[in-house]
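Taking it in order: structure first as structure tokens, then the write-up.
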Amino acid sequence: METSLYQPVKTFLEGLGFTVKGEVGGCDIVALKGDEQPVVVIGELKLSFNLELVLQGIDRAAACDEVWLAARLSARGKGRESDARFRNLCRRLGFGMLGVTANGEVHVLVSPVAPTPRRNPRRRSRLVEEHRRRHGDPVAGGGTRKPIMTAYRQQALACAVALKEGPKRPRDLKTVIPDAPKILRHNVYGWFLRVERGVYGLTEAGHGALLQWAR
Numbered sequence: 029m030e031t032s033l034y035q036p037v038k039t040f041l042e043g044l045g046f047t048v049k050g051e052v053g054g055c056d057i058v059a060l061k062g063d064e065q066p067v068v069v070i071g072e073l074k075l076s077f078n079l080e081l082v083l084q085g086i087d088r089a090a091a092c093d094e095v096w097l098a099a100r101l102s103a104r105g106k107g108r109e110s111d112a113r114f115r116n117l118c119r120r121l122g123f124g125m126l127g128v129t130a131n132g133e134v135h136v137l138v139s140p141v142a143p144t145p146r147r148n149p150r151r152r153s154r155l156v157e158e159h160r161r162r163h164g165d166p167v168a169g170g171g172t173r174k175p176i177m178t179a180y181r182q183q184a185l186a187c188a189v190a191l192k193e194g195p196k197r198p199r200d201l202k203t204v205i206p207d208a209p210k211i212l213r214h215n216v217y218g219w220f221l222r223v224e225r226g227v228y229g230l231t232e233a234g235h236g237a238l239l240q241w242a243r
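For what it's worth, the working numbering labels the leading residue of the sequence shown as 29, then goes sequentially.
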């Protein structure tokens, strides 16, 4: 699976000084370097280099400074990574190419040529905000079949943990979970219920979520 490529590519980018997190805003990898105006790198993972990987890179390019395409190197050296036309296409687009060996070594096949012009600052800012709000790196990039542990879901789960022992007021949670009042009121996942005015408890779905995400 593509998730098997995530850790080697993450380690490679961390070696370049980036903070790396998986599955942010629909991107396999989002990496940031710097604080006020961070350099934003998006990485996309596939088991082999193909046109779909390039098309994903094109879709992501407007939201970042660099795009890196990463795939498993073919055992016999006959994959697209050996095709000069494919490498030249990535160069023309300004994309980097990373080849990952079976034992997890990462090789730079093509370096990104130039920063991609920013055409979608709103999308870029959403990626940066989600990356920074998310605690740790709870999701390996490259997965598509499971719900994503977003920053919002992390806060909702924190609310559920706080309500596990009994109903509480949003203000009791706000010092630890800043968005608790909004999360309890909107109840996006159906985990919470208002037991009386200004007091919230946990539904059966909420108890189930705690078991599900504890795995």
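C-beta atoms are modelled at their ideal positions from N, C-alpha and C, and glycine is treated no differently.
- Residue state for H135 is assigned as strand, using DSSP reduced to three classes.
- Annotation: the stretch 29-55 contains the following complete segments of the alpha helix (DSSP H) (minimum length 4 residues), in chain order: 31-43.
- Listed in chain order, the alpha helix (DSSP H) runs fully inside the stretch 155-201 are 179-191, counting runs of at least 4 residues.
- As the crow flies, the alpha-carbon of I57 is around 8 Å from that of K38.
- Note that the stretch 68-75 touches the stretch 91-98; at least 3 beta-carbon pairs, one per stretch, sit closer than 8 Å.
- Only buried fits M125, as 16 or more other CB atoms lie within 10 angstroms of its CB.
- Taking all protein chains in view, the Cβ of Q84 is crowded by 16 or more other Cβ atoms within 10 Å, so the residue is classified as buried.
- Closest option to N78, judged by alpha-carbon separation, among S32, P66, S102, E64: S102.
- Ranked by how close their Cα comes to the Cα of I205, the residues E193, L41, V189, G218 have V189 in first place.
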